[in-house]
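Working notes, structure below.
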Amino acid sequence: MTEMLSWTPFDAARWAAPFDLFTSSPFSVLDSFQRLFDGGTENTAMRVEEAIEDNMLVVRAELPGVDPDKDVDVSIADGVLNISATREQKTEKHTDGSYRTEFHYGSLQRRIALPDGVSETDIKASYKDGILEVRAPLPAKAVPAAPAKVAITRD
């Protein structure tokens, strides 16, 4: 016998704990709200992954079907990496006596807070096979000074 699974919006397994919002980046919360008000669906969400590889912050954004020279903008302002893209895709189909065209337009944007001390001039971006990769060298960690004894003098 086949079992049917019912879904309710209050299913605890599908929702994060309410206080998990405060442990994530404030920009991810803002991006979620922005996509909500933009009428965002899964098609308008820019998927990204962040990792640290060889003392570099590596951000990969999934942007298939865009021209990185015309449609993608990567900028840094106030310690925040801004990635925005515009996608325009049009398909045409000619068959026996019929013509069909479809188009998809959309704007994508993500904001990612950069760690303190990242030099904006050292950030590099590349695009290959639909993936935008942004590399930001992380600053060297400050070595804590060894405790030093301070001599006390008498007046």
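For the record, in the sequence shown the residue sitting at position 126 is 126 according to the UniProt record's numbering, with numbers rising by one throughout. We treat Cβ as the ideally placed atom computed from N, Cα and C, and that holds for glycine.
- When the distance is taken between beta carbons, is Leu-57 closer than 9 Å to Pro-137? Here residue 137 is taken as the residue at index 137 of the sequence shown, counted from 1. Here residue 57 is taken as the residue at index 57 of the sequence shown, counted from 1. Against a cut-off of 9 Å, the Cβ pair of Leu-57 and Pro-137 comes out as a contact.
- Item | Neighbour-count burial assignment, Ile-131, 16 or more Cβ in a 10 Å radius | For the purposes of this step, residue 131 is identified with residue 131 of the sequence shown, where counting begins at 1. Flag for Ile-131 reads exposed.
- Task: Counting only runs of 3+ residues fully inside the UniProt domain "SHSP" (39 to 153), write out the beta strand (DSSP E) ranges in chain order.
- Result: 48 to 53, 56 to 62, 72 to 77, 80 to 95, 98 to 113, 124 to 128, 131 to 137
- Item | Residue from Ser-126, Arg-60, Ala-148 whose Cα sits closest to the Cα of Asp-67 | In the sequence shown, counting from the first residue as 1, residue 67 sits at position 67. Minimum Cα distance to Asp-67 is reached at Ser-126.
- Count the other C-beta atoms from every protein chain shown that fall within 10 angstroms of the C-beta of Val-59, then say buried if there are 16 or more, exposed otherwise. Stepping through the sequence shown from its first residue, residue 59 is reached at position 59. Around the beta carbon of Val-59, 16 or more other beta carbons sit within 10 angstroms, so the residue counts as buried.
- Within 10 angstroms of its Cβ, does Arg-47 collect 16 or more other Cβ (buried), or is it exposed? The residue given as residue 47 occupies position 47 in the sequence shown. Per the 10 Å Cβ criterion, exposed.
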